[in-house]
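One structure is given here, and the rest of the page talks about it.
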Amino acid sequence: MPQSRSAPDVHGVGSLGDLIRLATLRFADREAVVCGEDRFTYRAFAEATGRVVAVFKAAGLRRGDGLAMIAANGPEVLFVMAAAHAMGLRYSALHPMGSLADHAFILEDAEIAALVVDAEAHAQRGRELKHGAGAALRCVFAIGPADFAPDLHRAMADAGPSPLEVEASEADIWSVMYTGGTTGRPKGVVHSHRTAVVGALLQLAEWEWPAECRFLAATPVSHVAAGMLPPTLLRGGAFHMMRAFDPEAFLAAIEREAITATFLVPTMLYRLLDHPRLRDFDLSSLQMVIYGAAPMSPARLQAALDVFGPVFCQLYAQSECPCSITYLRKGDHAPARAHRLASCGQPVAGVNLRLLDPQGRSVAPGDVGEICVRGPTVMQGYWRRPEETAEALREGWLHTGDLARQDEDGFLYIVDRAKDMVISGGFNVYPREVEDALMAHEAVAAAAVIGVPDAVWGEAVRALVVLRSGHEVDADGLRAFVRERKGPVACPKEVEFVSGLPTTSVGKIDKKAIRARFWADASRQVS
């Protein structure tokens, strides 16, 4: 759906494409992107991105069209994303471990016109999506040789040199990020280029970046890690990528490339701490380890500080307000204030935050309330979901669904989630979707899905299942059933068969009572 053009705003901040182009001009001969043996200068980054723009335009893509991609980390992923940001295409990332049903839904719901598929990692999914996509899909490209789509590499070579020009404006939709929905289907979180630009500037201002930034991305750049690219480029840094996280390879890359900054979800940090060769590598170059996406165990965080030193900082955000709600600084991880290791930090500049009760009133200091925020990085709304948008943004606040208390110094401590979302290994799992998948099995009469404490994953998905009379199915059978429909991340780690589920006075399944059995000894209801 093409976006209407409007007169330039004299107070406008420009687009994410403008920031990328500015960086490539400023630091043309510096190293910008490194992935394995592939190394690109800023000049080469701009040239490759310009070639992708030329390919997309030749295929008929225009400002306002939707572009989706499913890929492992690689330089081409950055070129495709940068081209989308320069052209003003609406970008939607497909989760690398998502189900076919969810991917197909996103292509249809977001009216995706072009799909880019990593041929090495996702060829089968590419074939399935090409033949089962909605009517809006006009073209498919493969990163690498494939039998289902033209090779983007070859198309870029045929396109020839093309200068990187920017057509996107700050009012254009930058991305539609899909997250879980109350109906069991994902919903698209809409952000404009203004959000992206202001978010990058807030990261530059608030986060404690090293003077020489060599950033290592081991999480998917299609998701959280992509948010680290603009500030890295604007500092003239080098953005290093691993195709997949491997603890030993990660440690070796830090030593070999003198990495100064990285981002980790708690599960990754736990795997590093438990690796037998952790202390065999020289990690002295590290100056900044950002962690987030899931709550961190304070005990494991203290162990990490003992190994890596005072290099840790935490971000708290969500898709509806990315990378920019609170920040816990390096100095706040001090041994003298060990209780702060359970905090997610203080609100960042430019974000107005309050803890509100169910009636929309600010809670008293020290009391628990829902984290609600206002600011320039809050989403525009949910893609074509006006009722859910109105609910999330009611009374002029973004309601995050997270419950927290705030101390006298303004530090926030998340104690529970008002929503049922489970965060396992840094990935969001929405119990309603897993419950719906379980209930689709003919042997299942009722199901409740919760997150339970797990030493490795932070939280593990656990399903409590009531079987229909006269039907049988074992735990492995149900797990395979869910895996096929929702992918491996949403697949329950444990399935427990019960005779019945507790209910509230109005007949709803009582998740609070179910969770209490597993969280009774925990000091907070997240892990």
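Numbering (the numbering used here), first residue to last: 94 to 620. Yeah, the Cβ is synthetic: ideal placement off N, Cα and C, and Gly gets one too.
Item                                                                                                         : Value
DSSP three-state assignment for A606, whether helix, strand or coil                                          : helix
Residue interval of the alpha helix (DSSP H) (run including F138)                                            : 135-151
Contact check, A242 vs F234, beta carbons under 7 Å                                                          : yes
Close beta carbons around Y135, own chain, < 6 Å, minus the five adjacent residues each side                 : T117, F120, A121, R123, A125
Burial state of F149, where buried means 16 or more other Cβ atoms lie within 10 Å                           : buried
G110 versus A175: straight-line alpha-carbon distance, rounded                                               : 7 Å
Endpoints, the beta strand (DSSP E) within which E589 is located                                             : 587-590
Beta-carbon proximity check, V106 vs V290, cutoff 7 Å                                                        : yes
Proximity test, A541 beta-carbon vs the ligand SAH heavy atom, cut-off 6 Å                                   : For the ligand SAH, the structure offers nothing, since it holds no ligand at all.
Inter-stretch contact (C-beta, 8 Å, three-pair minimum) for the stretch 153-166 and the stretch 202-216      : yes
DSSP-derived helix/strand/coil call for I352                                                                 : coil
Where S108 falls, given that 16 or more other Cβ within 10 Å makes a residue buried                          : buried
Pairwise C-alpha distance: G494 and G474                                                                     : 15 Å
Length of the line joining the Cα atoms of A54 and Q380                                                      : Residue coverage of the chain in this structure runs from 94 to 620, which leaves residue 54 outside it and unanswerable.
Uninterrupted beta strand (DSSP E) stretches inside the stretch 319-351 (no shorter than 3 residues)         : 331-334
Helix, strand or coil at L112 according to DSSP, with G and I counted as helix                               : helix
Residue of R231, L571, I199, F374 minimising C-alpha distance to A622                                        : The structure shown does not extend to residue 622, since the chain is modelled only from 94 to 620, so the question has no answer here.
Backbone secondary structure at G459 - three-state DSSP                                                      : coil
Counterpart residues of Y475 in DSSP-defined beta bridges                                                    : V282
Assigned secondary structure, Q39 (DSSP; H/G/I helix, E/B strand, else coil)                                 : The requested residue 39 is not part of the displayed model; the chain covers only 94 to 620.
Residues bridged to N166 (per DSSP)                                                                          : Looking at the DSSP assignment, N166 forms no beta bridge with any residue, so it has no partner.
Bridge-paired residues (DSSP) for M270                                                                       : V282
Per DSSP, cross-strand counterpart(s) of I199                                                                : I199 is not bridged to any residue.
Alpha carbon of H188 to alpha carbon of A541, nearest angstrom                                               : 24 Å
CA-to-CA distance, L366 to A396, given in whole angstroms                                                    : 8 Å
For P524, the first and last residue of its enclosing alpha helix (DSSP H)                                   : 524-532
Sub-7 Å separation of A304 and F338 beta-carbons                                                             : no
Start and end residues, beta strand (DSSP E) containing L421                                                 : 414-421
A556 classed as buried or exposed, judged by whether at least 16 other C-beta atoms fall within 10 angstroms : buried
Buried/exposed call for M361, threshold 16 Cβ in 10 Å                                                        : buried
Bridge-paired residues (DSSP) for G551                                                                       : D547
Where the beta strand (DSSP E) containing D251 begins and where it ends                                      : First-last for D251: 245-252, but that is the alpha helix (DSSP H), not the beta strand (DSSP E).
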